[in-house]
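K.L.:
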Amino acid sequence: MTGNRIRDSKRNPFFQVKVKDGKYSTENQVSYYGKKLPDDTFSFDVSNQKVQANLDEFGTIRHITFFHGNYLMESKPGVWVAKDFVQEHQLSVSVKWNGQTEKLCEHTKYVETDLAENLFPRCRHYFPWGEVTILATAPITAKGKRLSCLLYEVTVKNTGREAAEMTVCLPALYEKKYSDTRNVLMITAESGTYQDVSFTLQPMEQKRVSLLFGDPNRYQDIEMFLSKDTDFWMEQTLQYFRSLTGELKMEEDAMAGMLLQRAYQQAFGAFAMSGENEILGSNWGTYPVTPHVWNKDMYYSSLPFTLTEPELCKKCILWFAKYGIKYKGTKFEGGVFHSLSNSLSVIMLSGAYYEYFGEKEFFQQHPKLYKKMKAILQTVLESREENEPYLYRTTWISDAYALGKYHTGTNLCVYRSFMALARIAEEVFGEKSYAEMLRSEAGKTRKDIERYMTAKGFFGTQYLEGISGIAEEKKECDSAEKYQKEMLDQGLQFITDVNHDGEICLRMHDGEESDTTLMKYYKYQSEEQDTLKQYGQFTGSRENPTYSELSRGIKWGNQSGATFPGYISILNGAAEKENWSGDEGRFRELERLIDLDGSWWWWPYKIGAQTGDVVRMNSCGKCGWGAGIFFILFITEFLGIEYDAPKAVFRIHPKRFIGGFCWKNMRIGNARFDISVRYEHHMAEFSMKNRSTFPVYVEMKKNQKKLIHPNNEEKWSQDYEFIK
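All the letters of the sequence shown, read from the start, carry residue numbers -1 to 722 under our numbering.
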């Protein structure tokens, strides 16, 4: 695809906004946010992780950020690492037409803004004499090399009948005096200088002016950019992201495939990377940038990389090896059990990386990493007292409590970590006896999760948020007294809906507990097949005391009418077409909650707000956590895709109610496929082409596999029973 085809690509049907005579509208008739403009927190965002830019609907760069380093801090329970960055704000251009100046940031006569190719922020200003189009790109090569700069193209077109004298007036190098500080380098790509650009345009002629905004600490990246033309960088950037997400089209929902791409962008764009290619943590999402790194947000935002981006995944593993455990502080004691699930992140990511990419060399080249993971699990094993069940204690999930004496989601992470390190130990390091010990411990933990952390409910057997003990008659209630301690009682503001006169109900689902939501991804098998689905049904019903019928989501105590990750947990309860895509369908609600730029917000409802009365910046920003777990859940649970790289085995068991789909150039770990699923006469028709460089076994029926060689295509049919 050429740069012009990106520039001239058709208007995005969903992620777009129009301003005409100062009035806002959109062709997106699904989103609740369609009537929630203007709003100074609305933005179209673009990132390659080294640069983060937030553009408003007029193309103004509200914020541009470059990231530099990490440092430790003593902050919230879920935050002990921060990141350095520099920013510049409110950068916009003006255009002179025959001496008449038009400030684009003030032009509200007719403007259309969208995401070209569902990726590049594009803003078109229409004037009686012509058009001005802005297109923003955060450059990255097809192989993943990022530049610490932003490409900001301004294309001026004369649609009049006479020649016109034009000038593109650039943002000022300083605000009031020459010695003012700017945290950004500015240059025009065509001239390699920085000054207003004047030219003559004949009728229907156009000219492009390419501005570069760069990190002063990486001035050499400007030189690297200028060594190629702008089309090269646009094409390379598109190739990079298409190689990660491919092109998914759902037969019954035109928005779904584009939504999956935007979820990936939200998780990807949450990350910060230094000019020296070091991961520095994440933000909530692509807006706003904050110094704080919430480790739990970062973990969930990183999960799409375990399926798609090996280099990023490895960087995240090493980051969590360094920063995953809260250090000993004065506000919080720290240690492995401060937040056990956070402490285990390095092991869970390592297990997923090996499972999907099958690379042994990474672990062999980092022996200290393996040693550290073993030490973490040894600390976990030694913490259990002899008379206890094979369950483990912790205090925090992130900023909220891991409720109960034993927390279900945390113990699921323990199970996953035992199994993940067992496989690495045996297959990478040949430590079979150690691996067998870990698998044995995992089995015991799983047995006690199923034995003690489940209960019979309205929908059938389901999980509990946690348990206060193993005695059946008391396990579902916990005392709030133990949480009412100095520096701990802040956590009580998140559980007001389940705190009844000092007694906490544990038959609930915390909207910011997402590990049970990821059971299939974690390869956890419930004893009863439908326990997780029934837990999801409970989560999105009146039976769950944290559920809100107003927001159709999970409240976040007295802080918010809904917390976005809860909607993904509710999605797990979808069991048929009506509660998937019907008027109150769980997936349909996600489509309504996505903003016009293709982002989800952390806390989309104020307390007591009516259905659809959504907000944007409600104390928290955009939600990479929710986007990351959605990307994983949609692929593993609903498309039913599994892949085991060391064994080169691919499985697909899609849910019938999501409808047929076609996914071209799908990446799953170290493999690539073209996949098509159609439904005809009570049969599922499958077609798959192996685009990998090696043969892959495809499981067509249980325990029945066929080897598909590179560039070969296979077709087969199955009845619906296989894909329920």
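Backbone N, C-alpha and C fix where the C-beta goes; we use that ideal spot for every residue, glycine too.
On a CA-only basis, which of 687, 522 and 377 is nearest residue 710? Give me that one, please.
P.N.:
It is 687.
K.L.:
Would DSSP call residue 590 helix, strand or coil?
P.N.:
Note: residue 590 maps to helix in three-state DSSP.
K.L.:
Evaluate residue 617 with the Cβ neighbour count: other Cβ atoms within 10 Å of its Cβ, from every protein chain shown; 16 or more gives buried, anything less gives exposed.
P.N.:
With fewer than 16 Cβ atoms within 10 Å of its Cβ, residue 617 is classed as exposed.
K.L.:
Give me the Cα-Cα distance between residue 40 and residue 602, rounded to the nearest whole angstrom.
P.N.:
Their Cα atoms are separated by approximately 13 Å.
K.L.:
So if DSSP puts residue 681 in a beta bridge, which residue, or which two residues, is it bridged to?
P.N.:
BP columns for residue 681 point to 678 and 717.
K.L.:
Considering Cα atoms alone, identify which of 30, 188 and 296 is closest to residue 625.
P.N.:
Residue 625 has its Cα closest to that of 296, out of 30, 188 and 296.
K.L.:
Could you check whether the stretch 538 to 554 touches the stretch 565 to 584, counting it as contact only if at least three pairs of C-beta atoms, one from each stretch, sit closer than 8 Å?
P.N.:
A contact exists between the stretch 538 to 554 and the stretch 565 to 584.
K.L.:
Can you list, in chain order, the residues of its chain whose CB lies under 6 Å from that of residue 440, leaving out five sequence neighbours each side?
P.N.:
Excluding sequence neighbours, residue 440 sits near 413, 416 and 417.
K.L.:
To test your reading of the DSSP string, which unbroken alpha helix (DSSP H) runs of 4 or more residues are found completely within the stretch 141 to 224?
P.N.:
The stretch 141 to 224 contains these whole alpha helix (DSSP H) runs: 217 to 224.
K.L.:
Evaluate the contact criterion for the stretch 219 to 235 versus the stretch 135 to 148: three or more CB pairs, one atom per stretch, below 8 Å.
P.N.:
With a cut-off of 8 Å, the stretch 135 to 148 and the stretch 219 to 235 count as touching, because enough Cβ pairs lie within range.
K.L.:
Is the Cβ-Cβ distance between residue 713 and residue 690 less than 8 Å?
P.N.:
Not in contact: residue 713 and residue 690 (Cβ atoms no closer than 8 Å).
K.L.:
Helix or strand or just coil, what does DSSP make of residue 381?
P.N.:
In this structure, residue 381 counts as helix in the three-state DSSP scheme.
K.L.:
Rounded to whole angstroms, what is the Cα-Cα separation between residue 33 and residue 698?
P.N.:
Roughly 47 Å separates the two Cα atoms.
K.L.:
Express the C-alpha separation of residue 353 and residue 322 in angstroms, rounding to a whole number.
P.N.:
Going from the Cα of residue 322 to the Cα of residue 353 covers about 21 Å.
K.L.:
Going by the beta-carbon positions, is the gap between residue 326 and residue 76 smaller than 8 Å?
P.N.:
No, the pair does not count as a contact, with Cβ atoms beyond the cut-off.
K.L.:
May I have the straight-line CA-CA distance separating residue 599 from residue 619, to the nearest angstrom?
P.N.:
Roughly 6 Å between the two C-alpha positions.
K.L.:
Determine the contact status of residue 351 and residue 311, defining contact as a CB-CB distance below 8 Å.
P.N.:
It is a contact, given that the beta carbons lie within the stated cut-off.
K.L.:
With DSSP run on the structure shown, which of helix, strand or coil describes residue 432?
P.N.:
Of the three classes helix, strand and coil, the one that applies to residue 432 here is helix, per DSSP.
K.L.:
From what residue to what residue does the beta strand (DSSP E) around residue 634 run?
P.N.:
Counting along the chain, residue 634 falls outside any beta strand (DSSP E), and DSSP gives it neither H nor E.
K.L.:
Looking at the unbroken beta strand (DSSP E) that takes in residue 134, where does it start and where does it end?
P.N.:
Unbroken beta strand (DSSP E) run through residue 134: 128 to 135.
K.L.:
Scan the stretch 512 to 578 and note each continuous alpha helix (DSSP H) run of 4 residues or more that stays entirely inside, going in chain order.
P.N.:
For the stretch 512 to 578, whole alpha helix (DSSP H) runs of length 4 or above, ordered along the chain, are 529 to 537 and 563 to 569.
K.L.:
Taking C-beta to C-beta, are residue 673 and residue 650 nearer than 8 Å?
P.N.:
Yes, the Cβ-Cβ distance between residue 673 and residue 650 is below 8 Å.
K.L.:
Specify the secondary structure class of residue 300 as computed by DSSP and reduced to three states.
P.N.:
The answer is helix: DSSP assigns residue 300 an H, G or I state.
K.L.:
Near residue 529, what residues of its chain come up, given a Cβ to Cβ distance below 6 Å and the 5 sequence neighbours on each side ignored?
P.N.:
Hits under 6 Å: 459.
K.L.:
Could you give the uninterrupted runs of the alpha helix (DSSP H) lying entirely in the stretch 16 to 92, keeping only those of 4 residues or more?
P.N.:
List check, alpha helix (DSSP H) in window: nothing returned.
K.L.:
List the endpoints of the continuous alpha helix (DSSP H) containing residue 313.
P.N.:
Taken as a continuous stretch (DSSP letters only), the alpha helix (DSSP H) holding residue 313 covers 308 to 321.
K.L.:
DSSP on residue 119, reduced to helix/strand/coil?
P.N.:
Residue state, collapsed to three classes: strand.
K.L.:
Please classify residue 669: does DSSP put it in a helix, a strand, or coil?
P.N.:
Residue state, collapsed to three classes: strand.
K.L.:
What is the rounded straight-line gap between the Cα of residue 105 and the Cα of residue 6?
P.N.:
Cα to Cα, residue 105 sits roughly 22 Å from residue 6.
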